[in-house]
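Residue numbers (the working numbering): 15 to 466.
As structure tokens, then:
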């Protein structure tokens with residue numbers, strides 16, 4: 015057991031407490047602890063109330079991950095890159111209980127990071143996820159989700175939900191600064207038939223970064239959703255989101271996003287859909303307000319149980335009060351083929367997105383992106399994977415254009431039911447017309463995970 019007053023860990027914990035005080039995070043931590051306590055109470059009460067009747071799956075699963083990695087550009091800088099060997103010791107605990115439609119799932123992992131050369135970068139990281147679902151009766155469902163991340167990862171990978179309700183995977187450069195992100199999402203749904211529901215969701219997202227060029231930010235958003243299926247073929251969807259954004263230095267904004275959609279199912283394998291999204295951002299001075307209109311139409315089709323495809327096409331127009339604006343195509347094409355031991359995924363998408371609440375906080379952009387992923391099962395316990403991605407991003411504020419691409423190869427082997435060995439090698443690169451924002455990074459990582 016580590017001595018709690020050993021020099022490296024104890025000093026890091028003290029630094030963490032000081033950072034949290036300076037960032038004004040105590041209230042958020044108290045809220046998170048309260049949410050966790052309520053979640054635990056929920057997780058215990060659900061199986062007691064329903065388990066005897068409906069059956070349950072209950073389990074605590076402690077685990078630990080040991081990681082050794084080499085990174086040739088830990089700060090992701092254009093000039094004078096710093097390389098280092100990084101060792102991670104990451105104990106964690108998973109808990110899951112399920113009874114009928116009710117679910118409680120908790121996963122928390124502590125990460126102790128040690129840098130061989132730049133020991134001043136040693137830190138304590140956290141990764142937590144809470145997922146709950148409680149059905150009062152067959153019609154009413156309450157959900158409470160929370161995710162917490164504290165890390166010094168050079169690039170943060172995260173997911174945003176667009177005005178059309180689609181999820182997009184993004185990345186933001188954070189260098190070597192410690193950041194903390196917490197996303198709390200309670201939601202309530204009322205179902206009154208097949209493909210018929212009314213829902214209300216609240217999202218609170220906080221982002222805090224220790225130093226550097228990044229800035230703290232907070233989002234509060236309320237989303238109302240209405241889905242009505244006239245019959246098994248015709249479905250209408252309406253969404254409305256009101257949100258507020260607060261930033262440490264950049265202008266704050268308030269905004270709303272409304273989406274209307276229609277889907278027609280020809281049969282269980284084929285459907286077509288249309289969608290219209292309208293977004294408003296009212297930005298405080300000296301920022302500039304903007305509006306975005308985006309109509310799209312698309313189709314989904316399952317050629318067979320192992321081959322599925324999706325296509326979507328449209329256009330977007332951004333209008334601003336002053337200055338230049340963006341417009342361009344909105345599209346997504348994806349194809350997935352599952353064979354007995356191999357899965358291929360090919361996807362292209364483009365349009366616009368909003369990258370707020372991050373270290374770079376680059377805001378509205380026009381983008382084009384392609385992704386290829388292949389996974390292959392060598393044996394029952396051995397797998398290979400290869401992923402490649404390339405993207406083009408264009409921003410107005412600041413005026414900037416980036417090419418981003420990367421490739422990652424993975425190998426995993428599970429010699430025992432409770433033991434897994436993984437190896438990963440990757441190359442990532444950003445070529446920007448702002449030269450100081452360009453970088454290249456190569457990384458190799460060896461991971462050993464034991465789970466009870």
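Quick reminder that beta carbons are idealized off the backbone N, C-alpha and C, glycines included.
Quick caveat: nothing in here was measured; it's all calculated off a predicted structure.
Residue i - containing beta strand (DSSP E), residue span
i, result
"residue 267", "267-281"
"residue 376", "It is not in any beta strand (DSSP E) - residue 376 carries neither H nor E in the DSSP assignment."
"residue 90", "No beta strand (DSSP E) contains residue 90, which DSSP labels as neither H nor E."
"residue 425", "414-430"
"residue 448", "That residue, residue 448, is in no beta strand (DSSP E); it is neither H nor E in DSSP."
"residue 333", "321-334"
"residue 197", "193-207"
"residue 410", "Where residue 410 is concerned, there is no enclosing beta strand (DSSP E), given that its DSSP letter is neither H nor E."
"residue 354", "Premise fails: residue 354 is in no beta strand (DSSP E) and is neither H nor E."
"residue 241", "231-243"
"residue 164", "154-165"
"residue 134", "No beta strand (DSSP E) contains residue 134, which DSSP labels as neither H nor E."
"residue 455", "453-465"
Length of the line joining the Cα atoms of residue i and residue j
i, j, result
"residue 363", "residue 455", "25 Å"
"residue 45", "residue 160", "Note that residue 45 scores 49 on pLDDT, short of 50, meaning its location in the model is unreliable; the coordinates nonetheless yield the value given after this. Their Cα atoms are separated by approximately 11 Å."
"residue 198", "residue 147", "14 Å"
"residue 409", "residue 377", "8 Å"
"residue 306", "residue 374", "22 Å"
"residue 406", "residue 381", "5 Å"
"residue 532", "residue 256", "No statement about residue 532 is possible, as the shown extent of the chain runs from 15 to 466 and does not include it."
"residue 154", "residue 94", "57 Å"
"residue 458", "residue 435", "14 Å"
"residue 132", "residue 98", "7 Å"
"residue 334", "residue 304", "4 Å"
"residue 400", "residue 87", "22 Å"
"residue 389", "residue 441", "18 Å"
"residue 57", "residue 73", "The predicted model places residue 57 with a pLDDT of 45, which falls under 50 and marks its position as unreliable; any figure quoted below should be read in that light. Roughly 11 Å between the two C-alpha positions."
"residue 449", "residue 424", "31 Å"
"residue 169", "residue 439", "16 Å"
"residue 122", "residue 192", "19 Å"
"residue 65", "residue 113", "Residue placement at residue 65 is flagged as unreliable, the pLDDT there being 41, under the threshold of 50; the coordinate-derived value follows with that caveat. Going from the Cα of residue 65 to the Cα of residue 113 covers about 6 Å."
"residue 212", "residue 144", "23 Å"
"residue 130", "residue 432", "29 Å"
"residue 79", "residue 102", "8 Å"
"residue 53", "residue 96", "Any reading at residue 53 must be qualified, since the residue scores a pLDDT of 47, below 50, and its modelled position is unreliable; no value is offered."
"residue 403", "residue 152", "42 Å"
"residue 128", "residue 162", "21 Å"
When the options are compared against residue i, the one with the closest alpha-carbon
i, options, result
"residue 346", "451, 136, 323", "323"
"residue 109", "102, 118, 101, 103", "118"
"residue 391", "89, 405, 427", "427"
"residue 447", "85, 88, 92", "92"
"residue 254", "275, 244, 279", "275"
"residue 166", "150, 309, 194, 152", "194"
"residue 397", "437, 372, 122", "437"
"residue 422", "432, 387, 453, 445", "387"
"residue 216", "150, 292, 235", "235"
"residue 337", "412, 105, 89, 104", "412"
"residue 289", "328, 300, 302, 90", "328"
"residue 115", "137, 103, 150, 89", "150"
"residue 452", "277, 414, 222", "414"
"residue 141", "152, 104, 219, 379", "104"
"residue 196", "318, 230, 296, 208", "230"
"residue 444", "461, 416, 466", "416"
"residue 111", "372, 75, 124", "75"
Supposed contact pair residue j and residue i - C-beta distance, whole angstroms, cut 8 Å
i, j, result
"residue 126", "residue 190", "Rounded, the Cβ-Cβ distance is 17 Å, inconsistent with contact."
"residue 258", "residue 268", "5 Å"
"residue 308", "residue 291", "5 Å"
"residue 332", "residue 310", "Rounded, the Cβ-Cβ distance is 15 Å, inconsistent with contact."
"residue 156", "residue 202", "5 Å"
"residue 77", "residue 464", "6 Å"
Any non-hydrogen atom of the ligand SAH within 7 Å of residue i CB
i, result
"residue 420", "The model on display carries no ligand, and the ligand SAH is accordingly not part of it."
At least 3 beta-carbon pairs within less than 8 Å: the segment 254-268 vs the segment 280-289 = Between the segment 254-268 and the segment 280-289 there are fewer than three C-beta pairs closer than 8 Å, too few to call the two in contact.
Between the segment 353-363 and the segment 233-251, are three or more C-beta pairs nearer than 8 Å? The segment 353-363 is not in contact with the segment 233-251.
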